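One structure below.
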Amino acid sequence: MRLDALLVRYGYCARREAPALLRSGRVRGRDGANITSPGQHVNVDEVLVDGEKIPFPDGIYVALHKPVGYVCSHAEEKTSKLVFELLPAEWARRNPRVECVGRLDKNTSGLLLFSDDGCFVHRLTSPRKHVPKLYSFETGSPIPEEASALFASGGFMLKGEKDPCLPAKLELTDVTHGKITLEEGRYHQVRRMLAAVGAPVIRLHREAVGHLQLNDLNLAPGEWCSIDPTTFCGHGER
Ligand code: URA
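Note that my numbering has the sequence shown beginning at 198, numbered continuously upward.
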């Protein structure tokens, strides 16, 4: 790949800024020699920026423990804290850019994945792939007994939508606490489903995406780690 294209791909600069970055001496080869020609063809593992190898050259696959209060958005005119602020700043400038794999709303905590690999994002978010997402919740009012059968039926309609929700598994610990497993990710889906049966959610936390459990990752709120995307291959596909 051309050196300038490589620096843009990994978020170090915009294309027009590449010559200045190269003149600054921050970009070197493995032998320590300064490399300055934007058109030079290089391999990603031959390039050091500020003395460091380029991280995650084969793509970004990470898991974050999302704290409450952060929004899943790249929005620049921001009034809220953004989940991307919890990741290294240069990732925001990668091209293709790093995206959330599905979203969690501002008041929801838990497991949130990120990637710059569009196929990976699609594989985990498409309802057709049936990747289960497990949430734990607390509601402000008792959940009616018939909710489990209703959500499992495949006929439950959310207000304003034209297709029924896919069957969802509701497991209650007591009348205001439980877990729910969804295979899709509509806007505020858990909150809307429980509100529709008269039990508004007051706490929502995502515990797992597919086989990946947040508890196994030992991440404090706001921390992230890399994950192995191959462990999701074929996961949940029907
Ligand atoms: N359902 C919701 O209501 N909120 C989320 O963040 C995820 C699922």
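For glycine and all other residues, C-beta sits at the position ideal for the given N, C-alpha and C.
The model shown is predicted, which means the values in this text are computed figures rather than measured ones.
Cα-Cα separation, residue i to residue j
{"i": "ASN240", "j": "LEU203", "result": "9 Å"}
{"i": "ALA211", "j": "VAL318", "result": "25 Å"}
{"i": "SER338", "j": "VAL406", "result": "27 Å"}
{"i": "ARG213", "j": "ASP242", "result": "23 Å"}
{"i": "HIS271", "j": "GLY315", "result": "16 Å"}
{"i": "VAL265", "j": "ASP413", "result": "20 Å"}
{"i": "LEU284", "j": "LEU416", "result": "14 Å"}
{"i": "THR322", "j": "LEU369", "result": "25 Å"}
{"i": "SER312", "j": "PHE281", "result": "12 Å"}
{"i": "GLY299", "j": "HIS385", "result": "11 Å"}
{"i": "LEU301", "j": "ARG220", "result": "42 Å"}
{"i": "THR428", "j": "GLY256", "result": "15 Å"}
{"i": "LEU367", "j": "ILE232", "result": "58 Å"}
{"i": "GLY382", "j": "THR276", "result": "25 Å"}
Contact set for residue i: own chain, Cβ-Cβ below 6 Å, skip 5 residues either direction
{"i": "THR305", "result": "LEU401"}
{"i": "LEU218", "result": "CYS210"}
Own chain residues within Cβ distance below 8 Å of residue i, not counting five before or after
{"i": "ARG206", "result": "MET198, ARG291, ASN292"}
{"i": "THR373", "result": "GLU335, THR336, GLY337, SER338, PRO339, ILE340, ALA396"}
{"i": "GLY208", "result": "GLU287, TRP288, ALA289, ARG290, ARG291, ASN292"}
{"i": "PRO254", "result": "TYR207, VAL241, ASP242"}
{"i": "LYS356", "result": "ARG389, ALA393"}
{"i": "LEU411", "result": "ALA260, HIS262, GLY307, LEU308, ARG403, GLU404, ALA405"}
Selected residue, minimal CA-CA separation from residue i, among the options
{"i": "ARG225", "options": "LYS250, LEU414, ALA286", "result": "LYS250"}
{"i": "ALA309", "options": "LEU416, HIS408, ALA260, PRO285", "result": "The sequence as given places Leu at residue 309; Ala does not occur at that position. Measuring from the Cα of LEU309, the nearest candidate turns out to be ALA260."}
{"i": "GLY229", "options": "VAL244, PRO216, SER221", "result": "VAL244"}
{"i": "VAL387", "options": "LYS330, VAL280, GLN410, PRO426", "result": "LYS330"}
{"i": "VAL246", "options": "CYS269, ILE257, LYS263, LEU200", "result": "LEU200"}
{"i": "ILE377", "options": "MET354, ALA349, PRO216", "result": "ALA349"}
Span of the alpha helix (DSSP H), counted from its first residue to its last, around residue i
{"i": "CYS422", "result": "Unbroken run through CYS422 is the beta strand (DSSP E), 421 to 423; no alpha helix (DSSP H)."}
{"i": "LEU391", "result": "386 to 393"}
{"i": "THR322", "result": "315 to 322"}
{"i": "PHE353", "result": "Looking at the DSSP string, PHE353 is not in any alpha helix (DSSP H), and its letter there is neither H nor E."}
Extent of the continuous beta strand (DSSP E) to which residue i belongs
{"i": "ARG400", "result": "398 to 406"}
{"i": "VAL259", "result": "258 to 263"}
{"i": "LEU284", "result": "Looking at the DSSP string, LEU284 is not in any beta strand (DSSP E), and its letter there is neither H nor E."}
{"i": "LEU367", "result": "366 to 371"}
Item to complete: Specify whether the region 290 to 302 and the region 342 to 355 touch according to this definition: at least 3 beta carbon pairs, one from each stretch, less than 8 Å apart.
Response: no
Item to complete: Examine the Cβ distances between the region 228 to 242 and the region 385 to 404 and report whether three or more of them are shorter than 8 Å.
Response: no
Worksheet item: Any contact of the region 406 to 423 with the region 357 to 364, i.e. 3+ C-beta pairs under 8 Å?
Response: no
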